[in-house]
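Number of protein chains: 2
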Amino acid sequence: MKDALAHAELIAVLTAVTNDEPRVMTVSKGEALPSGPFEVEHRSLQAGLREWVNEQTGHPLGYLEQLYTFADRDRSPKDKARRTISISYLGLVREQAAPGAGAPGWHGWYEYFPWEDHREGRPAALANMADALNAWAASDPSRRDHRQKRIDLSLGLNGAAWNEELALQRYELMYEAGLVVEAGGEPGPSYGRPMFADHRRMLATAITRLRAKIKYRPVVFELMPANFTLSHLQRTVEALAGLALHKPNFRRLIDQQELIEETGEMSSETGGRPAKLYRYRRAILEEHALSSARLPLSRN
Amino acid sequence: MKDALAHAELIAVLTAVTNDEPRVMTVSKGEALPSGPFEVEHRSLQAGLREWVNEQTGHPLGYLEQLYTFADRDRSPKDKARRTISISYLGLVREQAAPGAGAPGWHGWYEYFPWEDHREGRPAALANMADALNAWAASDPSRRDHRQKRIDLSLGLNGAAWNEELALQRYELMYEAGLVVEAGGEPGPSYGRPMFADHRRMLATAITRLRAKIKYRPVVFELMPANFTLSHLQRTVEALAGLALHKPNFRRLIDQQELIEETGEMSSETGGRPAKLYRYRRAILEEHALSSARLPLSRN
DNA sequence: CGACATATACTCAACCTGAGTAAAAGGGAC
DNA sequence: GTCCCTTTTACTCAGGTTGAGTATATGTCG
Chain A
189 MKDALAHAEL IAVLTAVTND EPRVMTVSKG EALPSGPFEV EHRSLQAGLR EWVNEQTGHP
249 LGYLEQLYTF ADRDRSPKDK ARRTISISYL GLVREQAAPG AGAPGWHGWY EYFPWEDHRE
309 GRPAALANMA DALNAWAASD PSRRDHRQKR IDLSLGLNGA AWNEELALQR YELMYEAGLV
369 VEAGGEPGPS YGRPMFADHR RMLATAITRL RAKIKYRPVV FELMPANFTL SHLQRTVEAL
429 AGLALHKPNF RRLIDQQELI EETGEMSSET GGRPAKLYRY RRAILEEHAL SSARLPLSRN
Chain B
189 MKDALAHAEL IAVLTAVTND EPRVMTVSKG EALPSGPFEV EHRSLQAGLR EWVNEQTGHP
249 LGYLEQLYTF ADRDRSPKDK ARRTISISYL GLVREQAAPG AGAPGWHGWY EYFPWEDHRE
309 GRPAALANMA DALNAWAASD PSRRDHRQKR IDLSLGLNGA AWNEELALQR YELMYEAGLV
369 VEAGGEPGPS YGRPMFADHR RMLATAITRL RAKIKYRPVV FELMPANFTL SHLQRTVEAL
429 AGLALHKPNF RRLIDQQELI EETGEMSSET GGRPAKLYRY RRAILEEHAL SSARLPLSRN
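Protein chains in written order, with this note's numbering: chain A, 189 to 488; chain B, 189 to 488.
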């Protein structure tokens with residue numbers, strides 16, 4: 189066996205939602221995600237990252253989940269002789285606590301992905317993006333149809349519905365088409381802010397993962413304060429999904445799940461009728477419940 | 189930044205279903221998963237694994253998906269000075285083609301996890317396992333209630349329903365309780381066959397992932413031959429899920445999805461009425477379709 | 001030819017989901 | 001104070017989906 193040594197780097201995509209805006213923790217003025225080396229002393233990858241984030245940012249880190257491991261030659265900068273393996277994690281934190289030693293910056297998801305926010309309808313960035321992608325598809329006659337279909341499905345064009353979970357797929361399409369700066373494209377307001385190396389890809393991975401997860405696991409509560417109103421909860425979910433939700437049905441869904449309970453207090457911040465405050469019932473069943481089970485079981 | 193170098197190792201969990209039995213490709217007489225080093229020449233992790241599997245086994249590798257990256261100090265053998273990072277992949281292959289140079293061995297999933305097969309009802313191994321776990325829970329009064337709840341939910345005890353997707357959670361519970369050989373336990377027929385290092389954990393991860401995925405992505409077809417009957421398809425899904433499914437409803441589900449079409453041929457292998465043969469319609473929408481969308485959308 | 005085995009087709013009630021409407025309860029302008 | 005505005009909360013209802021079961025077709029084997 190060859191002596192295959194590599195750098196191992198841990199990268200954190202830490203997300204919070206403040207003022208109904210999903211944010212990610214960054215360094216270098218918003219150009220990179222916080223990262224640190226994996227060291228021999230660390231008990232495990234996850235433990236390594238935890239230690240490291242605590243040290244650097246002082247942020248209490250609740251939920252943490254491994255995202256993906258990358259080591260693409262073409263997507264990391266120089267140093268071709270020695271490979272870097274990047275192991276990325278998704279972490280959820282409560283609304284922006286005090287910044288620690290490193291004074292990290294928080295930036296909105298949608299600065300990097302302006303086409304992903306559909307809370308107020310289809311954003312203008314999406315139309316520009318669609319034009320550019322269509323041009324790219326047309327530029328290669330042999331692959332045009334296939335490309336066009338992928339574009340339509342990813343962006344919700346020509347009869348396809350918008351699917352918020354395809355965030356990563358959309359970014360990868362932009363990358364493949366050479367539109368984003370990371371792939372040699374020209375900077376442009378519709379294509380979002382670029383990031384260092386493949387950090388934006390990791391953010392896209394995180395968004396996709398989180399948008400899928402909020403549907404079947406009670407992870408939103410990791411982002412909420414102890415007490416909250418139903419509207420606040422809804423706005424947080426909407427911020428993450430980048431979608432507007434139907435209020436009465438959202439409420440019905442929430443109390444079917446029996447995951448929250450009234451605190452007895454009221455909140456009257458919003459001008460209208462005061463809202464009840466709720467808290468999360470930290471039930472053990474967390475892992476268990478809500479597992480869709482689409483298979484038609486048989487009992488015998 | 190410290191010079192944090194580590195070994196990077198790629199591990200493949202290759203799965204096929206033969207004779208209604210899900211199998212995994214192994215080396216060392218079924219004691220380890222095939223693995224190889226990640227090398228500098230490899231374009232990406234995925235490409236590295238592909239190359240490597242092709243070379244070693246000659247198996248045409250269809251579907252491939254990253255599973256998880258591990259580097260736990262306590263779970264890998266010796267060599268504490270230099271860490272090994274294991275990046276595991278799940279690969280799906282069609283029914284057992286010719287064995288290549290390495291003459292790999294295939295072993296049934298349920299040799300390693302005898303408690304996971306519920307096609308004919310609750311297996312005996314599960315009861316034994318439950319007894320041992322309950323004893324473990326009782327042995328620490330301060331944590332007893334919490335442990336008991338986890339056990340009940342994982343194994344489907346005391347009113348909880350069996351959830352086939354919790355395969356990894358169940359193995360981790362066995363590990364934590366010190367019951368499996370990998371965690372220093374005594375060998376026993378109910379606790380399944382042990383594997384090298386944490387390979388069994390990777391297999392458990394693969395099972396969990398695949399059992400979840402068959403519900404919302406058409407991955408089963410990667411395991412099927414070109415033409416198949418509906419019963420064959422059902423038995424394959426049942427083998428993976430370790431569950432018996434309701435025949436009429438399974439059929440209804442399948443043709444709602446419109447993922448398959450009749451070939452026009454019939455098969456009369458089974459003794460009863462001949463069955464129509466079907467083939468998979470390799471639709472572009474693959475990624476798109478079937479995304480549950482449990483969020484209550486609003487249109488405006 | 002009839003028993004058997006399997007495949008295929010249909011039914012029906014209970015539940016869930018999308019969509020919309022109506023009533024309640026504060027604050028602020030006049 | 002009263003009326004209006006805003007937001008929360010409560011209810012309705014049709015259509016679709018799901019769980020469960022029953023009935024019919026079409027081969028093979030004794």
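By construction, the Cβ of each residue, glycine as well, lies at the ideal position given by its N, Cα and C atoms.
From the DSSP output, in three-state form, read off residue i for me.
i	result
V415(B)	The sequence shown places Asn at residue 415(B), not Val. If DSSP states are grouped into helix, strand and coil, N415(B) belongs with the strands.
V241(A)	helix
L321(A)	helix
S223(A)	strand
S274(B)	strand
K190(A)	Caution is warranted here: a pLDDT of 48 is assigned to K190(A), below 50, making its placement in the model unreliable, and the coordinate value is therefore given only provisionally. Three-state result, K190(A): coil.
G218(B)	helix
L249(A)	coil
S378(A)	helix
H230(A)	coil
G236(B)	helix
R211(A)	strand
R332(B)	helix
K464(A)	strand
D205(A)	Note on identity: in this sequence residue 205(A) is Val, with Asp being the wrong assignment. Correct three-state label for V205(A): strand.
E151(B)	For chain B, the structure presents residues 189 to 488; residue 151(B) sits outside this window and is missing.
A355(B)	helix
F258(A)	strand
I199(B)	strand
S456(A)	coil
L483(A)	coil
Name, please, each residue of chain B whose Cβ falls closer than 8 Å to the Cβ of residue i.
i	result
S419(A)	None at all; the shortest Cβ gap to chain B is about 14 Å.
Could you confirm whether any beta carbon from chain B is found closer than 8 Å to the beta carbon of residue i?
i	result
K190(A)	Note that K190(A) scores a pLDDT of 48, beneath 50, so its modelled location is shaky and nothing firm can be said.
N437(A)	yes
S486(A)	yes
A427(A)	no
H306(A)	no
F301(A)	no
R310(A)	no
L361(A)	no
L193(A)	yes
Name the chain B residues whose beta carbon is nearer than 7 Å to that of residue i?
i	result
I273(A)	A196 and I273
Between the options, which has its C-alpha nearest residue i's C-alpha?
i	options	result
R389(B)	N437(B), N322(B) and L221(B)	L221(B)
L418(B)	I448(B), H230(B), K401(B) and A392(B)	I448(B)
G293(B)	Q244(B), S330(B) and D340(B)	Q244(B)
V305(B)	E219(B), G246(B) and A432(B)	A small correction: the amino acid at residue 305(B) is Asp; Val does not occupy that position in the sequence shown. Comparing Cα-Cα distances from D305(B) to each of E219(B), G246(B) and A432(B), the minimum goes to A432(B).
R261(A)	V228(B), V215(B), S216(B) and V201(B)	V228(B)
L278(A)	S223(A), A194(A) and P462(A)	S223(A)
L237(A)	A196(A), D208(A) and Y468(A)	A196(A)
R271(A)	A313(B), L252(B) and H230(B)	H230(B)
G430(A)	A400(A), K464(A), A235(A) and D328(A)	A400(A)
N242(B)	I395(B), A200(B) and F258(B)	A200(B)
D319(B)	E308(B), D340(B), H334(B) and F301(B)	D340(B)
R482(B)	H247(A), N351(A) and L361(A)	N351(A)
Y251(A)	E364(A), M213(A), W240(A) and T203(A)	T203(A)
K464(A)	L391(A), M454(A) and G344(A)	M454(A)
Tell me, please, whether the CB atom of residue i is closer than 8 Å to any CB atom in chain A?
i	result
L483(B)	yes
L343(B)	no
L433(B)	yes
L278(B)	no
Heavy atom of the ligand SAM less than 7 Å from the Cβ of residue i, yes or no?
i	result
P413(B)	Of ligands this structure carries none, so the ligand SAM is not represented either.
| message | Please identify, using Cβ separations under 9 Å, the residues of the stretch 195-216 of chain B that lie next to chain A, in order along the chain. | response | Residues passing the 9 Å Cβ filter: H195, A196 and E197.
| query | Relative to chain B, which residues along the stretch 222-241 of chain A have a C-beta separation below 7 Å, given in chain order? | reply | The stretch 222-241 of chain A vs chain B, Cβ under 7 Å: P225, F226, E227, V228, R231, S232 and L233.
| message | Give me the subset of the stretch 370-403 of chain A whose CB atoms are less than 7 Å from a CB atom of chain B, sorted by chain position. | response | Those residues of the stretch 370-403 of chain A placed with their C-beta closer than 7 Å to a C-beta in chain B are K403, ordered along the chain.
| What residues in the stretch 246-261 of chain B bring their beta carbon closer than 9 Å to a beta carbon of chain A? | Against chain A - using a Cβ distance shorter than 9 Å - the residues of the stretch 246-261 of chain B are Q254, Y256, T257, F258, A259, D260 and R261.
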